[in-house]
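Q:
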Amino acid sequence: TFINGRLDIFSQYFPQARNIDRVGGFLRTRYSYDFELRDERRSKDPVGQRRSLTPQGRDDAARGDILDAYVFIDGFVADMPASLRYGRQVLNWGESTFIQGGINTTSPLNATAARQPGAELEDILIPVEMLYGNITRGNLTLEGFLQTKWESSEVDNCGTYFSTADVVADGCGPVLLGGQAPDFQVIEDEVFAPREGDVEPSDRGQFGIAARYFSDALDGEIGFYYQRLHSRLPYLGGRVNNPDAPAPELGQDSNPDLPQADFPSYFVEYPEDIDQFGISYSTTTRGGTSIGGEYSYKRNQPLQINTIYLISGGNQLRSPNGDIISKYERKLRADNPDDNLAGQRVKGFDTFGVSQLQGTVLHFVDRVMGADRLVFLTEVGATYVHGLPDTDEQEFGRSGVFGIGNRPVEGAEFTGDNCVEGRDGAIGQNINPSNCRGDGYTTSFSWGYRTVLALQYSNAFMGANVTPQLFFSHDVKGFSPEPGPNFQEDNKQLGLTLAFDYQNSYAAEITYNTFFDGRYNDVRDRDFIAASVSYTF
Numbered sequence: 440t441f442i443n444g445r446l447d448i449f450s451q452y453f454p455q456a457r458n459i460d461r462v463g464g465f466l467r468t469r470y471s472y473d474f475e476l477r478d479e480r481r482s483k484d485p486v487g488q489r490r491s492l493t494p495q496g497r498d499d500a501a502r503g504d505i506l507d508a509y510v511f512i513d514g515f516v517a518d519m520p521a522s523l524r525y526g527r528q529v530l531n532w533g534e535s536t537f538i539q540g541g542i543n544t545t546s547p548l549n550a551t552a553a554r555q556p557g558a559e560l561e562d563i564l565i566p567v568e569m570l571y572g573n574i575t576r577g578n579l580t581l582e583g584f585l586q587t588k589w590e591s592s593e594v595d596n597c598g599t600y601f602s603t604a605d606v607v608a609d610g611c612g613p614v615l616l617g618g619q620a621p622d623f624q625v626i627e628d629e630v631f632a633p634r635e636g637d638v639e640p641s642d643r644g645q646f647g648i649a650a651r652y653f654s655d656a657l658d659g660e661i662g663f664y665y666q667r668l669h670s671r672l673p674y675l676g677g678r679v680n681n682p683d684a685p686a687p688e689l690g691q692d693s694n695p696d697l698p699q700a701d702f703p704s705y706f707v708e709y710p711e712d713i714d715q716f717g718i719s720y721s722t723t724t725r726g727g728t729s730i731g732g733e734y735s736y737k738r739n740q741p742l743q744i745n746t747i748y749l750i751s752g753g754n755q756l757r758s759p760n761g762d763i764i765s766k767y768e769r770k771l772r773a774d775n776p777d778d779n780l781a782g783q784r785v786k787g788f789d790t791f792g793v794s795q796l797q798g799t800v801l802h803f804v805d806r807v808m809g810a811d812r813l814v815f816l817t818e819v820g821a822t823y824v825h826g827l828p829d830t831d832e833q834e835f836g837r838s839g840v841f842g843i844g845n846r847p848v849e850g851a852e853f854t855g856d857n858c859v860e861g862r863d864g865a866i867g868q869n870i871n872p873s874n875c876r877g878d879g880y881t882t883s884f885s886w887g888y889r890t891v892l893a894l895q896y897s898n899a900f901m902g903a904n905v906t907p908q909l910f911f912s913h914d915v916k917g918f919s920p921e922p923g924p925n926f927q928e929d930n931k932q933l934g935l936t937l938a939f940d941y942q943n944s945y946a947a948e949i950t951y952n953t954f955f956d957g958r959y960n961d962v963r964d965r966d967f968i969a970a971s972v973s974y975t976f
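Yeah, the sequence shown ends on 976 if you go by our numbering, and it's all consecutive.
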């Protein structure tokens, strides 16, 4: 059971000034209370143990937020219309609809709010504090912003239904390293990687400019964009362990000048100064079809290194003949042959140029299947990582829930096998080798599409408007960069919605979502039904 309320306050004033048209302010607040998560003991860990949420998780289950909160002034500069806003606000650039990671990356996302019953767009996009302005001359509009405060995206809290990484959200962790041992035993024996403080970026250094021009020759609007932003998504990094009894003959390091630690630790990091360039185009055909598309390029986009190899490198794990298991550790030692890695912090990402191309088509068909209107909306997108190395050199992405791949060490001299089933003390060290494969990692190219079909019936039932809707998502090929990948090969989602609206004040909606297919689909067991009733006044 869930309660969600929003309050919008808008005020404006029309001064008697020559170059000022109006001034005003806008405030939007939101309050939500999740009775199940706040008051009940319903969260489960991966082996089915019930427990309460973390204190942070319980606080997030009942919270009030200030969303938009800004002041504005509209007027003229040299007889050209201009506008200026300052405060918490959402900025929408580009032509994306469903597929994220393109031009429209200014506002972080609230993943938890996106799945709540009755969620709307203003619940999902997190406003950020910025100064924004625009000015128009003829068919040309210039825009710019300067962010004055950094905000991160909100991920699902550990132990909640949609969480697939229970070590990232505030207050979550540590990473348990005890295999199938009970949690209390793992904690008591300290067989875990503790969480260090988050590495957050500066509030400074985030800005962007845009130029949009309506071309009569192209019969549409073309836009050019540049942004420099700090990551809104979290990346996992680690600190290498510092054992008091290392095995130097196996190449394990120890540093007596640093605190001793048998196991590695980890931290959440948000990389800075990601440069993005973009171009967009939108038009409407004579038949009424709206078409939009965009291309974006990030020249230093961070890619998450596979966290399993990050942890094994932090543990300085070796094969029976002394070979380094983690390819990431091998790369670090090759790049820094004279360094003692014990107790040192290492980042969990590398940067690459990343291109993304996407296009959207929106079309209406009147009077079909007894409905007043059929709405058809589809978006196709593709992502390309420039210069991505082969997985023989380094693995990026793939959720840690799928375990280690099948190529920890190459060569005939390797005498161990991390893909042989067995438990501690037995031949083989992998209790679940079913995903011990070399695929599922980030690929250079990936693509997919999203489609919505909706039928609008006016006054269909006792004066209420009824809208049945179908949503289908298909990740066709390849694996996009993580975190927050757009496409994971063969993943599919089907959503069925039935919505009622009466006099634009009363609304009700019931939705069923199912996730299926995809070998590395970590939400394919998260089907859900959501129902909501709302009143707007």
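Beta carbons are placed, not taken as given, at the ideal position from N, Cα and C, and that holds for glycine.
Compare the Cα-Cα distances from residue 636 to each of 643, 705, 783, 458 and report the closest residue.
A: Looking at the Cα atoms, 705 is the closest of the given residues.
Q: Mind listing, in chain order, the continuous beta strand (DSSP E) runs of no fewer than 3 residues lying wholly within the segment 885 to 930?
A: Here the runs fully enclosed are 903 to 916.
Q: For the putative contact between residue 579 and residue 652, defined by C-beta atoms under 8 angstroms, what is the C-beta separation to the nearest angstrom?
A: Residue 579 to residue 652, Cβ: 5 angstroms. Contact.
Q: Looking only at its own chain, which residues have a Cβ that is under 6 angstroms from the Cβ of residue 552, when we skip the five neighbours before and after it?
A: Cβ neighbours of residue 552 beyond the five flanking positions: 558, 562, 563.
Q: Buried or exposed for residue 864, going by 16 or more other Cβ atoms inside 10 Å?
A: Because the pLDDT of residue 864 is 47, which lies under 50, any placement of that residue in the model is unreliable, and the number read from its coordinates should be weighed accordingly. So residue 864 counts as exposed.
Q: Judging by CA-CA distance, which residue of 607, 519, 568, 629 is the nearest neighbour of residue 575?
A: Nearest option by C-alpha distance: 519.
Q: Would you report the Cα separation of residue 852 and residue 762, rounded to the nearest angstrom?
A: With a pLDDT of only 48 at residue 852, under the threshold of 50, the placement of this residue in the model should not be trusted, and no figure is reported.
Q: Thinking C-alpha only, which one of 615, 621, 642 is nearest residue 588?
A: Per the Cα distances, 642.
Q: Quickly, what does DSSP pair residue 802 with across the bridge? List them, please.
A: According to DSSP, residue 802 bridges with 815.
Q: Using only CA atoms, which one of 736, 676, 694, 691 lies nearest to residue 743?
A: For the residues 736, 676, 694, 691, the minimum Cα distance to residue 743 belongs to 676.
Q: Using 10 angstroms around the beta-carbon of residue 453, count the other beta-carbons present and answer buried if the total reaches 16, otherwise exposed.
A: Exposed.
Q: Kindly list the residues whose CB is nearer than 6 angstroms to the CB of residue 503, restricted to its own chain and excluding five residues on each side of it in sequence; keep chain order.
A: The residues are 470.
Q: Using 8 angstroms for Cβ pairs, my map puts residue 545 next to residue 505. What's the rounded Cβ distance?
A: Contact flag wrong, Cβ pair sits at about 18 angstroms.
Q: Using 10 angstroms around the beta-carbon of residue 725, count the other beta-carbons present and answer buried if the total reaches 16, otherwise exposed.
A: Burial call: exposed.
Q: Considering Cα atoms alone, identify which of 931, 836, 811, 924 is closest to residue 905.
A: Of 931, 836, 811, 924, the residue nearest in Cα terms is 811.
Q: So for residue 588, helix, strand or coil by DSSP?
A: DSSP places residue 588 in coil when its eight states are reduced to three.
Q: In whole angstroms, give me the CA-to-CA distance for residue 384 and residue 451.
A: Residue 384 lies beyond the stretch modelled for the chain, which goes from 440 to 976, so this question has no answer here.
Q: What is the C-beta distance between residue 766 and residue 832, in whole angstroms, given that I count them as a contact (C-beta under 8 angstroms)?
A: Correct: roughly 7 angstroms between the Cβ atoms.
Q: Can the beta-carbon of residue 885 be found less than 7 angstroms from the beta-carbon of residue 822?
A: Taking 7 angstroms as the Cβ cut-off, residue 885 and residue 822 qualify as a contacting pair.
Q: Assign residue 624 to one of two classes, buried (16 or more other C-beta atoms within 10 Å of its C-beta) or exposed (fewer than that).
A: Flag for residue 624 reads exposed.
Q: So residue 792 packs on residue 830, CB below 8 angstroms; how close in whole Å?
A: Going by Cβ atoms, the distance from residue 792 to residue 830 rounds to 19 angstroms, so no, they are not a contact pair.
Q: So, at 7 angstroms on beta carbons, what are the nonlocal neighbours of residue 585 in its own chain, with the 5 sequence-adjacent residues on each side left out?
A: Within the same chain, residue 585 has close Cβ partners 569, 570, 646.
Q: Do residue 609 and residue 601 count as a contact pair if the criterion is CB distance below 7 angstroms?
A: The answer is no: Cβ separation not under 7 angstroms.
Q: Determine the direct distance from the alpha carbon of residue 937 to that of residue 784, and round the result to whole angstroms.
A: Cα to Cα, residue 784 sits roughly 51 angstroms from residue 937.
Q: Measure the beta-carbon distance from residue 541 to residue 797 and round it to whole angstroms, keeping in mind my assumption that it falls under 8 angstroms.
A: Residue 541 to residue 797, Cβ: 6 angstroms. Contact.
Q: Give, in chain order, every unbroken run of the beta strand (DSSP E) that is at least 3 residues long and sits entirely within the segment 702 to 732.
A: Fully enclosed beta strand (DSSP E) runs of 3 or longer: 704 to 708, 713 to 723.
Q: What does DSSP give as the partner residues of residue 743 in its beta bridges?
A: Residue 743 is bridged to 788.
Q: Among the residues of its own chain, which have a CB less than 6 angstroms from the CB of residue 513, if the five just before and after it don't count?
A: So the qualifying residues of the chain are 460, 461, 522.
Q: Leaving aside the five residues before and after residue 967 along the sequence, list all residues of the same chain whose C-beta is less than 7 angstroms from its C-beta, in chain order.
A: Cβ neighbours of residue 967 beyond the five flanking positions: 952.
Q: Candidates 808, 954, 510: which alpha carbon is nearest residue 524's?
A: Among 808, 954, 510, the Cα nearest to that of residue 524 belongs to 510.
Q: Hey, is residue 685 close to the ligand MG, as in C-beta under 6 angstroms from one of its heavy atoms?
A: For the ligand MG, the structure offers nothing, since it holds no ligand at all.
Q: How would you call residue 478, buried or exposed, if buried means at least 16 neighbouring beta carbons within 10 angstroms?
A: By the neighbour-count rule (16 or more Cβ atoms within 10 Å), residue 478 is not buried but exposed.
Q: Using only the alpha-carbon positions, how far apart do residue 768 and residue 740 sit?
A: Distance between the alpha carbons of residue 768 and residue 740 is about 22 angstroms.
Q: Are the beta-carbon atoms belonging to residue 754 and residue 680 less than 7 angstroms from one another?
A: In this structure, residue 680 lies closer than 7 angstroms to residue 754 by Cβ.
Q: Residues in the same chain with beta-carbon distance under 8 angstroms from residue 501, minus the five sequence neighbours each way, listed in chain order, please.
A: Around residue 501: 471, 472, 473, 477.
Q: Which runs of the alpha helix (DSSP H) fall wholly inside the segment 589 to 668 and span at least 4 residues, in chain order?
A: Taking only runs of at least 4 residues, the alpha helix (DSSP H) segments lying wholly in the segment 589 to 668 are 622 to 627.
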